[in-house]
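Colleague: Our numbering numbers the first residue of the sequence shown as 39 and each following residue consecutively. No residue lacks a Cβ here, since even glycine has one placed at the ideal position from N, Cα and C.
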Amino acid sequence: MSEQALYPGTVAEVPEPDSVLLPGHDVPLGRYTTVRRLLPHRQRRMVGAWCFVDHFGPDDVSGRPGMQVPPHPHTGLQTVTWLVEGLIEHRDSLGSHQLIAPGQLNLMTSGRGIAHSEYTPEEHPPSLHGLQLWVALPDPERHDAPRFEHHRGMPVQQIDSAIVTVVVGELAGSRSPARVHTPLLGAEIVFAAAGHARLPARRDFEYGVLAMTGTAGVAGTDIGPGSLLYLGTGRDEIAVDATGPARLFLLGGEPFEEPLVMWWNFVGRSHEEIVQSRDDWMAGRRFGTVEGCDAEPLPAPAMPMVRLKARDRHGSIH
Ligand code: MN
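1) Considering only the alpha carbon of each residue, which of 265, 278, 174 lies closest to residue 7?
2) If you drop the 5 nearest sequence neighbours on each side, which residues of the same chain put their C-beta closer than 7 Å to that of residue 256?
3) May I ask whether a heavy atom of ligand 1 can be found less than 8 Å away from the beta carbon of residue 334?
4) Enumerate, from N- to C-terminal direction, the unbroken alpha helix (DSSP H) stretches of 4 or more residues contained entirely within the stretch 299-340.
5) Can you tell me whether residue 93 is buried or exposed? The criterion is at least 16 other CB atoms within 10 Å of its CB, across all chains shown.
6) Quick check on DSSP: helix, strand or coil for residue 195?
7) What is the DSSP secondary structure of residue 189, reduced to helix, strand or coil?
8) With DSSP run on the structure shown, which of helix, strand or coil describes residue 351?
9) Distance cutoff 9 Å, beta carbons only. Does residue 57 sit that close to anything in chain B?
10) Mind listing, in chain order, the continuous alpha helix (DSSP H) runs of no fewer than 4 residues lying wholly within the stretch 84-149?
11) Within 10 angstroms of its Cβ, does residue 357 collect 16 or more other Cβ (buried), or is it exposed?
12) Under the three-state reduction of DSSP, which class applies to residue 275: helix, strand or coil?
13) Just how far apart, CA to CA, sit residue 62 and residue 84?
14) Nearest to residue 192 by alpha carbon, out of 185, 201, 186, 184?
15) Nearest CA to the CA of residue 149: which residue from 112, 161, 126, 133?
16) Which of the three DSSP states, helix, strand or coil, is assigned to residue 167?
17) Could you name the residues that DSSP lists as bridge partners for residue 205?
18) What does a CB cutoff of less than 7 Å around residue 242 pick up in its chain, not counting 5 residues either side in sequence?
19) Cβ of residue 65 within 8 Å of any heavy atom in ligand 1?
20) Just to confirm before moving on: does the CB-CB distance between residue 145 and residue 216 stay below 9 Å?
21) Between residue 206 and residue 290, what straight-line distance do the alpha-carbon atoms span, to the nearest angstrom?
22) Going by the beta-carbon positions, is the gap between residue 358 and residue 336 smaller than 9 Å?
23) When the distance is taken between beta carbons, is residue 97 closer than 9 Å to residue 165?
24) Enumerate in chain order the residues of its own chain whose CB-to-CB distance from residue 135 is below 7 Å, with the five nearest sequence positions on each side excluded.
25) State yes or no: is the C-beta of residue 156 nearer than 8 Å to some heavy atom of ligand 1?
26) With a cut-off of 8 Å on the beta carbons, I'd call residue 109 and residue 328 a contact; round off their distance for me.
27) Output the boundary residues of the beta strand (DSSP E) element that contains residue 285.
28) Start and end of the beta strand (DSSP E) containing residue 238?
29) Spell out the partners DSSP gives residue 76 in its beta bridges.
30) Whose C-alpha, out of 227, 69, 116, 319, is nearest the C-alpha of residue 284?
31) Is any heavy atom of ligand 1 found at a distance shorter than 8 Å from the C-beta of residue 303?
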């Protein structure tokens, strides 16, 4: 039912779907890698429960170490690792040891606490290119035990001229086996050449799209690597026009209403929770040990002098 039908005589206020291009910024990750951080952004903290979006590469890592991230902790989130080129070796404090290759999914659920390391193995392909994404866990699942999943053979289908891989959630009848805790979508959209695709959308989901390679018009806005196009809610479909070969990643989800405190590798709800997580990590409590990784664990940075504040998905302080 429309607003007009509910309130005859008033002007219908049907908001146009938002469409905002958010430029990313470069952030060093470990000693040898620089990532393009696309979320959180000052204008937009989240897309659904997606609260952190890093795009790395394509980097020439021939004769170089590649990704070198020593053991570090996480709370309150899931990490999603998706590669297009290269290899990463994951180890965590549950004892998981998993090499991830392109087309496979590593999904680590921190729950109340986990530690992991991520390294490009010594013998590796010449290029490294991928995404690392965080999904905020809702209450009460953020307090659950940690777990790790590795999936290969993700569902792939053709939609118009695009090859679509459903990494998280469900799209056009294909469902990812990844276990998530809020209505969520993550899908890779690949065009081998210039082409068009109309991707089905849910009106209750907000969406964001990034380009990993190539350029495309998405819902009327041109995008290329380095930015995230935020698309808001209220869409029935997302039209994509690739101008040539292109690889995009579509993020979506039900707007996440819980304000978050994000600091370093922790997602919590209050300053006190973050302080406790930091203290536990520095004291060697809660997060366990990453067996098989010889590197020294990363020390947490000093807490800022001000109290950390919870922010909602729009960036407003609570
Ligand atoms: Mn991590």
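Modeller: In short:
1) Given that the chain is displayed from residue 39 to residue 356, the structure contains no residue 7 and the question cannot be resolved.
2) 247, 267, 276, 278
3) no
4) 309-320
5) With 16 or more Cβ atoms within 10 Å of its Cβ, residue 93 is classed as buried.
6) strand
7) strand
8) coil
9) The structure shown contains no chain B; it is built from a single protein chain.
10) Qualifying alpha helix (DSSP H) stretches: none in this window.
11) Coverage of the chain is limited to positions 39 through 356, which leaves residue 357 absent and any answer about it impossible.
12) strand
13) 14 Å
14) When each option's Cα is compared against that of residue 192, the closest is 201.
15) Distance from the Cα of residue 149 is smallest, within the candidate group 112, 161, 126, 133, for 112.
16) In the structure shown, residue 167 sits in a strand (DSSP, three-state: E or B).
17) In DSSP, residue 205 forms no bridge with anything.
18) 271, 292
19) Every heavy atom of ligand 1 is 8 Å or more from the Cβ of residue 65, so no.
20) yes
21) 10 Å
22) This structure does not reach residue 358, given that the chain is present from 39 up to 356, and the question cannot be answered.
23) It is a contact, given that the beta carbons lie within the stated cut-off.
24) 129, 330
25) Yes, since a heavy atom of ligand 1 falls inside the 8 Å radius drawn around the Cβ of residue 156.
26) Contact between residue 109 and residue 328 holds: their C-beta atoms lie close to 4 Å from each other, under 8 Å.
27) Here the beta strand (DSSP E) through residue 285 covers 284-291.
28) 233-238
29) According to DSSP, residue 76 bridges with nothing at all.
30) 227
31) yes
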